[in-house]
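Participant: Just so you know, we're using the numbering used here here: the sequence shown kicks off at 68 and counts up by one. Glycine included, every Cβ here is placed at the ideal spot set by N, Cα and C. Quick caveat, the model's predicted, so the values are computed rather than measured.
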Amino acid sequence: MNKVSGSAAEAVADIPDGASIAVGGFGLSGIPDALIDALHKQEAAGLEIVSNNCGVDGRGLGVLLAAGRIARVTGSYVGENKEFARQYLGGELEVELTPQGTLAERLRAGGAGIPAFYTPAGVGTQVAEGGLPWRYALGGTSRPEAGGGSVAVASPPKETRVFSGRPYVLEHGITTDFALVRAWRGDRHGNLVFRRAAANFNPLAAMAGRVTIAEVEELVEPGELAPDEVHLPGIYVQRIVELTPGQATDKRIEKRTVSN
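So this is what it looks like as structure tokens:
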């Protein structure tokens, strides 16, 4: 029952080339920085990432993007990651964009053993009808005004059905080989507590991974977490990494807003 790994490097050592990985976080809030950095040093490539977004240039998943180690992303937001946009538009990266709520439910469904579900989100759009560019032709720009725009892989149409007079589109649950998440507190059995906005996609990503690795800011002994304060039970977590004090406090602010 002691799921603690000796280091982040040890925890991610067996992630192979081509692995699918669900990654928690939203922007830079709650991202598993230590595990991502360890994976970067481990040099696994051809990764298929499922995450709300891909961090920013030089931080979070942006580190793996810049190293050319990600082959495919399922997410809902490109954000201000210029390298993400460049690779996608240049045909170097396959990207499946999905509505944010749908992505969250696909991860939760996969973790709960639900193979698919119907949702009204995306009905009447290319999300349901197909044709969204997943990957552009390699080389050059995809911008039509620059002579590009050739789509190499497009999204397929999805099944739709009508319930009580309203159309819905079928979406599939997501499961991945691994999941990388960050929690505020955790015990040696893998029970996790998330803090404020850092909860975001972390519990959902953790549920979707067949092997879930969690980095925690504070590691406690079993029994120190009251049952009703646990956000994610340890049954979903296979490995725990305790962060150093420096790693726990190294939290970059994506956008600093101040008042005059």
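1. Distance check for residue 229 and residue 192, CA to CA, integer angstroms please.
2. Measure the beta-carbon distance from residue 88 to residue 244 and round it to whole angstroms, keeping in mind my assumption that it falls under 8 Å.
3. What are the start and end residues of each continuous beta strand (DSSP E) run of 3 or more residues lying completely inside the region 126-199, in chain order?
4. Taking all protein chains shown into account, decide if residue 270 is buried (16 or more other Cβ within 10 angstroms of its Cβ) or exposed.
5. Just reading off the beta strand (DSSP E) that residue 115 is part of, what are its end residues?
6. I'd like to check one pair, residue 237 with residue 155: are the Cβ atoms closer than 8 Å?
7. Which residues in the same chain as residue 120 place their Cβ atom closer than 6 Å to its Cβ, once the five residues preceding and following it in sequence are excluded?
8. Can you list the beta strand (DSSP E) stretches of 3 or more residues lying completely in the region 253-315, in chain order?
9. Would you please state the rounded distance, in angstroms, between the beta carbons of residue 292 and residue 260? I believe it to be under 8 Å.
10. From which residue to which residue does the beta strand (DSSP E) around residue 106 run?
11. Could you tell me which residues DSSP pairs with residue 237 in its beta bridges?
12. Where do the ends of the beta strand (DSSP E) carrying residue 90 lie?
13. Using a Cβ-Cβ cutoff of less than 6 Å, which residues in the same chain neighbour residue 78 once the five nearest sequence positions on both sides are dropped?
14. Can you tell me which of the three DSSP states residue 79 falls into?
15. By how many angstroms is the C-alpha of residue 195 removed from the C-alpha of residue 226?
16. Among 268, 248, 103, which residue has its Cα nearest to the Cα of residue 168?
17. Going by the CB atoms, is the gap between residue 96 and residue 273 shorter than 8 Å?
18. Using a 10 Å radius around the Cβ and a threshold of 16 neighbouring Cβ atoms, would you call residue 242 buried or exposed?
Facilitator: Well, looking at it:
1. The residue given as residue 192 occupies position 125 in the sequence shown. The residue given as residue 229 occupies position 162 in the sequence shown. Using only the alpha carbons, I get a separation of about 16 Å.
2. In the sequence shown, the residue the question calls residue 88 occupies position 21. In the sequence shown, the residue the question calls residue 244 occupies position 177. With 8 Å as the limit, residue 88 and residue 244 qualify as a contact, their Cβ atoms being about 7 Å apart.
3. Within the region 126-199, the complete beta strand (DSSP E) runs of at least 3 residues are 137-142, 161-164, 183-186.
4. If you number the sequence shown from 1, residue 270 lands on position 203. Taking all protein chains in view, the Cβ of residue 270 is crowded by 16 or more other Cβ atoms within 10 Å, so the residue is classified as buried.
5. Along the sequence shown, one-based indexing puts residue 115 at 48. Run containing residue 115: 114-117, per the beta strand (DSSP E) assignment.
6. Here residue 155 is taken as the residue at index 88 of the sequence shown, counted from 1. Here residue 237 is taken as the residue at index 170 of the sequence shown, counted from 1. It is not a contact, given that the beta carbons lie outside the stated cut-off.
7. Start at 1 with the first residue of the sequence shown, and residue 120 comes out as number 53. Excluding sequence neighbours, residue 120 sits near 142, 144, 146.
8. If we require 3 residues or more, the beta strand (DSSP E) runs fully inside the region 253-315 come out as 276-287, 306-309.
9. The residue given as residue 292 occupies position 225 in the sequence shown. The residue given as residue 260 occupies position 193 in the sequence shown. Yes, they are in contact, since the Cβ atoms of residue 292 and residue 260 sit about 6 Å apart, within 8 Å.
10. Translated into positions along the sequence shown, residue 106 becomes position 39. First-last for residue 106: 100-109, but that is the alpha helix (DSSP H), not the beta strand (DSSP E).
11. If you number the sequence shown from 1, residue 237 lands on position 170. Per the DSSP secondary-structure output, residue 237 pairs in a beta bridge with 185.
12. Within the sequence shown, the letter at position 23 stands for residue 90. Element bounds for residue 90: 87-90.
13. As a position in the sequence shown, residue 78 is number 11, starting the count at 1. So the list reads 72, 280, 306, 308, once near-sequence residues are dropped.
14. Here residue 79 refers to the residue found at position 12 of the sequence shown. DSSP places residue 79 in helix when its eight states are reduced to three.
15. Mapped onto the sequence shown, residue 226 falls at position 159. Mapped onto the sequence shown, residue 195 falls at position 128. Our two residues, residue 226 and residue 195, have alpha carbons roughly 7 Å apart in a direct line.
16. For this step, residue 168 is matched to residue 101 along the sequence shown. Closest by alpha carbon: 268.
17. Residue mapping note: residue 273 aligns to position 206 of the sequence shown, counting from 1. Residue mapping note: residue 96 aligns to position 29 of the sequence shown, counting from 1. No, Cβ-Cβ distance for residue 273 and residue 96 is not below 8 Å.
18. Against the sequence shown, residue 242 aligns to sequence position 175. Per the 10 Å Cβ criterion, buried.
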